[in-house]
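Notes to accompany the following structure.
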Amino acid sequence: MENTTIDQSDLARLNEKDKLELQTFITHETQKTRINAQTHTMAEMCWKKCITGSIKSSTLSSSEEGCLANCVDRFLDINTLTVKNLQAMRASR
Numbered sequence: 001m002e003n004t005t006i007d008q009s010d011l012a013r014l015n016e017k018d019k020l021e022l023q024t025f026i027t028h029e030t031q032k033t034r035i036n037a038q039t040h041t042m043a044e045m046c047w048k049k050c051i052t053g054s055i056k057s058s059t060l061s062s063s064e065e066g067c068l069a070n071c072v073d074r075f076l077d078i079n080t081l082t083v084k085n086l087q088a089m090r091a092s093r
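Following UniProt numbering, the numbering of the sequence shown begins with 1 at its first residue and continues without gaps.
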């Protein structure tokens, strides 16, 4: 298996363009990881809230479907509100 760690001497050999490209890549990968974690959290939370009985068929009941749609909408509303508030706090510094 190949060694995938980067130490400071490796970073020191990079030119500024490559350092910026690496930083951008790491930032994007970190953002993707956060989005995936949030999606997983939302799916698990809404599933536990809305699917309370045993699964009897390959489709959701209308009440389960409505509950899941509402749960996802509220989760996204809260995340949007949180991001807006954080941006406002940063802007006021």
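Quick reminder that beta carbons are idealized off the backbone N, C-alpha and C, glycines included.
Check: Taking C-alpha atoms, which residue in N85, C71, R93, R13 lies nearest to E44?; Outcome: C71
Check: Does the contact criterion of 3 or more C-beta pairs under 8 Å hold for the segment 41-56 versus the segment 71-84?; Outcome: yes
Check: Using 8 Å for Cβ pairs, my map puts L22 next to C50. What's the rounded Cβ distance?; Outcome: At roughly 42 Å, the Cβ-Cβ gap does not stay under 8 Å, so L22 and C50 are not in contact.
Check: Apart from the five residues on each side of it in sequence, which residues of its chain come closer than 8 Å, Cβ to Cβ, to G66?; Outcome: none
Check: Taking only the alpha-carbon atoms, compute the straight-line gap between A88 and T82 and give it to the nearest angstrom.; Outcome: 10 Å
Check: Which first and last residues belong to the alpha helix (DSSP H) in which T52 is found?; Outcome: Run containing T52: none; DSSP gives neither H nor E here.
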